[in-house]
Amino acid sequence: MTDTQPAISIRDLTFTYRIREEPAIHNINLELHPGELMLMVGASGSGKSTIMRAINGLIPRTYRGTMEGSINLFGKDVNEHSMAELSQTVGTLLQDPERQIVTSKVLNEVAFGLENLALPREEILQRVDETLGYLNIMKLRERETFRLSGGEKQIVGVAGVLAMRPRILLLDEPLASLDPASAHESLRIFRELANQGIAVLLVEHRVDDALAIDPDTVVYLENGRIVYSGSPDGLMQTADFHRVKLPASVVMQRAKAEPEPVYKPAVGQVGHLGEELVRFQNVGFRYSNDTSTILHDINFSVRQGDIIALLGPNGAGKTTLVKHVLGLLKPTSGEVRLEGVASKDSTVATAAKTVGYVFQNPSQMLFAPSVQEELAYGPTNLRHDKATMEKNIRWALETIHMSEYRDSPPLALSYGQQKRVSIASILAMRSRILMMDEPTAGQDYWNYRSFMDGILQMPGFDAVLFITHDLDLALTYATRILLLSNGRLAADGPTADVLQDEELLRSCRVLPTSLLRLNLQHLPTTGRFMRAEQLAHAVPNP
Amino acid sequence: MLVAWKYKFRNSFIDTFDPRARWIVSFLVLASVLNFWDFRFIIFFFALSMLQVKLTKLTWEETKRAWTFIIVLVVFIVGINAFVFGRGGPALLGDIEPHVFWERVILLPFGWSWTLNLTAEKTAFAITQIVRMLTVASLFFIIPWTMDPSLYGVTFGGMGLPYRFAFAMDLAFRFVPTLARDFQVTLDAQKARGFEIERLDGGVVATIRKVAPLLVPVVMNAIIAGEDIVNAMDLRCFGLKERTWIGKLTYQTRDYVLIAFGITLLVVSLVLNHVFGLGEFWVPQWLIDLAG
């Protein structure tokens, strides 16, 4: 395969954005051949997106700056390709399918690029149907795009790119917003496309998942430089396993050489649950009489000491459920009680004194001119006194590792930093119950693990609940799992009990991970679930 | 990404027309209404507009929020403005000898004074203006519920507008409900941080400060979303050349009949107004008598 002309050939590429002083990437050299799948790995800010933009022409067309070195696509310099040529050669799937989709109907979305190339109408329709058929999503053809689930949006995004028959496919963290089963299905399709002869460049920090589809080569970036380039096996020994999520067995092996990590949660211990804080009683919900029911007959309670992970597929109703605790939504049937008071008899402002809720998307809440003022907003509304407020803001900033950004404007920070500020702005309110919607989305592995450690080791919370697609996050931190599927509670129980039932997990589109398998294997010895670094020390050498 | 309005196919009489014909006729009717300030003519157009609403098979339940919004807006802003100040209409109101119901002189500092009065003419003008605005609003407000959003682009393109403009209209139409959704999410997120919309008191500056947590994220998100859309469109070749629209629209006989009706209406209106001088502002005699 390697004797063919490379699809992408990058030589000594250095790029500096016009608004920055430091180069975003230094001396990048890489080569990708047709039919190969390359996995590009690195923490946020490592330069992955910059490399992609240089290949697909957004640099220099949209993002300006100074570029040195060269990029050749099929032997021709990228700057010599016209935009029409380039976008038929390189297909790009953006990080978030929400950002990829521009039209209102699936048919139009898949046809969009072809319409812009002014192909005849009949040919477009034929190509659209071919693509939909190939991806096995013909049933979505007439659907409205905004009503699709996260996984469906992703695959429609892929269809829109594939219909243009690109020879190179760039995938920018395509798994970020997908449930595990959808992520797995997407990965399988990417492998299949590579097998058909397309050169696929996959940027992803869920390395553990991405390795399942046998990438031909792996590139590992740190601070804009290539640190490793070669076979996946080599990466296992080179990449920093604190910063990139490697398979659990590898981490377990390598972590033996390090001291055992200390993690002592301050929120409750299993078996010692206190008073009931939240109670869902026969809760049903729908937005209006002419829409379908989103939640069906939900019953559970949150008690003092609970650390709950709420798992379930895209569109299962997880966010809708959590919004009920705060009274942002009121049940259509049944009732939700917070500290004994039914939500229909209370206001959101009252509930906010007890419950802190971090929304999924930070850009929907950040507004202040500085991080300090952003963090003071909630506590001021709750009328905390100055000294308490100051103390809590300082703690919140330390927990998310952003003390030095205190005076920076939140809107100028990176997405990952904004997400952490949004979490801190709720932490500073020192609520008894903390709820987080996808707290790890858009975060590096190292960052999210360290702030989750920080939050859960800090005394003060009576209960914590988080929504996640990341099974490893759930098994590492949660003492209890709620599994939601199609608006019904499919399971509610201690983490080890619920996660042992593989069939149940699969029925809720949750797939067992290498860490789960490793934990299950050693459960008789360890007695509980733990992270791979702890397993390394808890399990005696064979 | 952008969300769409609550369109659904209702198999109504209106659904059988080409969307281009509907736009064209709506504008022809609009141009016709603008010829008249006489309530007796305007009520005809109002009836026509209501007939269209009726024929869409829209239910009250679906549209009551939009209706409430329009009625409140028109009655309070346009109505009261016209009623109290007599503004926003034909200049001729100033020339008519007013028949006064009620009058009060308000003394202002520096020896200025201001006469506030209600007259027969202002009353007639306010009512005429309200009905006129409601006619125009109801002509167009049914569009989100009754036109297929996937045809917005080809509709405008098919009316001869440049493709860039036509696609921009497509995006603009879907931008409005997207903004509404984003606003709701931000409102919820700030409520979770203890924001209370009920506590919006104090002066103008204080109020603006208090709504900043709502407005800043919504505006910023709109800007970011705009950039996303531009990137996504660039990556798929938008703007290189005249594009194909896969949506297909064909005029039927009924569409030509509809357009012919619209043109006739406009011609008749122009003739009545400019040739026969009909349709000028009219105050019923009984209202003048009432003022004495």
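Residue numbers (the working numbering), protein chains in the order written: chain L, 1 to 542; chain P, 1001 to 1292. Glycine included, every Cβ here is placed at the ideal spot set by N, Cα and C.
Distance between residue j and residue i (C-alpha atoms, nearest Å)
i, j, result
"Leu516/L", "Leu499/L", "8 Å"
"Met1233/P", "Met1001/P", "12 Å"
"Leu295/L", "Ile1246/P", "38 Å"
"Glu1196/P", "Glu22/L", "44 Å"
"Val203/L", "Tyr134/L", "24 Å"
"Pro459/L", "Asp453/L", "12 Å"
"Ser346/L", "Gly327/L", "8 Å"
"Phe466/L", "Val510/L", "16 Å"
"Asn1221/P", "Gln364/L", "7 Å"
"Thr66/L", "Leu58/L", "13 Å"
"Met1159/P", "Tyr1152/P", "11 Å"
"Gly1088/P", "Met1169/P", "Caution applies to Gly1088/P, whose pLDDT of 48 falls short of 50 and renders its modelled position unreliable; the value that the coordinates give is listed next. Rounded to the nearest angstrom, the two C-alpha atoms are 29 Å apart."
"Trp1005/P", "His522/L", "53 Å"
"Ala1166/P", "Asn1231/P", "18 Å"
Proximal residues to residue i (C-beta, below 6 Å), its chain only, five neighbours per side dropped
i, result
"Gly151/L", "Leu178, Ser182 and Asn314"
"Gln88/L", "Met164"
"Glu68/L", "Thr14"
"Val322/L", "Met435"
"Leu1278/P", "Leu1272"
"Gln372/L", "Arg406"
"Asn519/L", "Phe529"
"Asn72/L", "Ser9"
"Ala43/L", "Arg243 and Asp444"
Residues of its chain near residue i, where Cβ-Cβ distance is below 8 Å and the 5 sequence neighbours each way are ignored
i, result
"Phe1101/P", "Asn1117, Leu1118, Thr1119, Ala1120, Thr1123, Leu1290 and Ala1291"
"Asp1018/P", "Leu1249, Thr1250, Tyr1251, Gln1252 and Asp1255"
"Lys264/L", "Gln457"
"Asp96/L", "Ala176 and Ser177"
"Gly234/L", "Val218 and Tyr228"
"Glu275/L", "Arg303 and Gln304"
"Leu292/L", "As written in the sequence, residue 292/L is Ser, which differs from the Leu given in the question. So the list reads Arg286, once near-sequence residues are dropped."
Interface flag, residue i vs chain P, CB-CB below 8 Å
i, result
"Phe529/L", "no"
"Ser346/L", "no"
"Gln364/L", "yes"
"Phe359/L", "yes"
"Thr14/L", "no"
"Leu411/L", "yes"
"Met164/L", "yes"
"Leu178/L", "no"
"Phe190/L", "no"
"Ala199/L", "no"
Beta-carbon contacts of residue i that lie in its chain and below 7 Å, excluding the five residues immediately before and after
i, result
"Arg1164/P", "Gly1239"
"Gly545/L", "Only positions 1 to 542 of chain L appear in this structure, which leaves residue 545/L out of reach."
"Val251/L", "Phe241, Ala532 and Glu533"
"Arg254/L", "Phe241"
"Glu1280/P", "Trp1037 and Asp1038"
"Arg1132/P", "Val1033 and Ile1042"
Residue-level contact to chain L via CB, residue i, 8 Å cutoff
i, result
"Arg1010/P", "no"
"Ile1106/P", "no"
"Phe1238/P", "yes"
"Glu1242/P", "yes"
"Met1133/P", "no"
"Ala1004/P", "yes"
"Trp1114/P", "no"
"Trp1245/P", "yes"
Practice problem: Mind checking the region 1016–1050 of chain P against chain L and listing, in chain order, the residues whose C-beta falls within less than 7 Å of any C-beta there? | Solution: none
Legend entry - chain L contacts from the region 1208–1234 of chain P (Cβ-Cβ distance under 9 Å): Ala1212, Pro1213, Leu1214, Leu1215, Val1216, Pro1217, Val1218, Met1220, Asn1221, Ile1224, Ala1225, Glu1227, Asp1228, Ile1229, Val1230, Asn1231, Ala1232, Met1233 and Asp1234
Can you give me, in chain order, the residues of the region 1177–1199 of chain P that have a beta carbon less than 8 Å from any beta carbon in chain L? Asp1182, Val1185, Thr1186, Asp1188, Ala1189, Gln1190, Lys1191, Ala1192, Arg1193, Gly1194, Phe1195 and Glu1196
*Inspect the CB distances between the region 377–387 of chain L and the region 423–431 of chain L and report whether three or more fall short of 8 Å.*
yes
Quick one: which residues of the region 84–101 of chain L get their C-beta closer than 7 Å to a C-beta of chain B? List them in chain order. Of the protein chains in this structure, namely L and P, none is chain B.
Point to revise | Positions along the region 1057–1079 of chain P whose CB lies within less than 9 Å of some CB in chain L | key: Glu1061 and Glu1062
Kindly confirm or deny that the region 42–58 of chain L and the region 166–173 of chain L touch, where touching means at least three C-beta pairs closer than 8 Å. yes
Legend entry - Selection of the region 1143–1176 of chain P by Cβ proximity to chain L, strictly under 7 Å: Pro1149, Ser1150 and Arg1174
Could you check whether the region 1044–1058 of chain P touches the region 1144–1159 of chain P, counting it as contact only if at least three pairs of C-beta atoms, one from each stretch, sit closer than 8 Å?
yes
Contact set between the region 100–125 of chain L and chain P, restricted to residues whose Cβ is under 8 Å from the partner:
Gln100, Ile101, Val102, Thr103, Ser104, Lys105, Leu107, Asn108, Ala111, Phe112, Gly113, Leu114, Glu115, Asn116, Leu117, Ala118, Leu119, Pro120, Arg121, Ile124 and Leu125
**Prompt:** So does the region 98–110 of chain L actually touch the region 142–161 of chain L, counting three or more Cβ pairs closer than 8 Å?
**Reply:** yes
Practice item. Scan the region 47–77 of chain L for residues whose Cβ lies nearer than 9 Å to a Cβ of chain P and list them as they occur along the chain. Key: Asn56, Gly57, Leu58, Arg61 and Thr62
What residues in the region 314–331 of chain L bring their beta carbon closer than 8 Å to a beta carbon of chain P?
Lys323, Leu326 and Leu328
Just by C-beta distance, which residues in the region 413–435 of chain L are closer than 8 Å to chain P? Ser425, Ile426 and Met429
Taking beta-carbon pairs under 7 Å, can you tell me which members of the region 374–402 of chain L lie near chain P?
Tyr377, Gly378, Asn381 and Leu382
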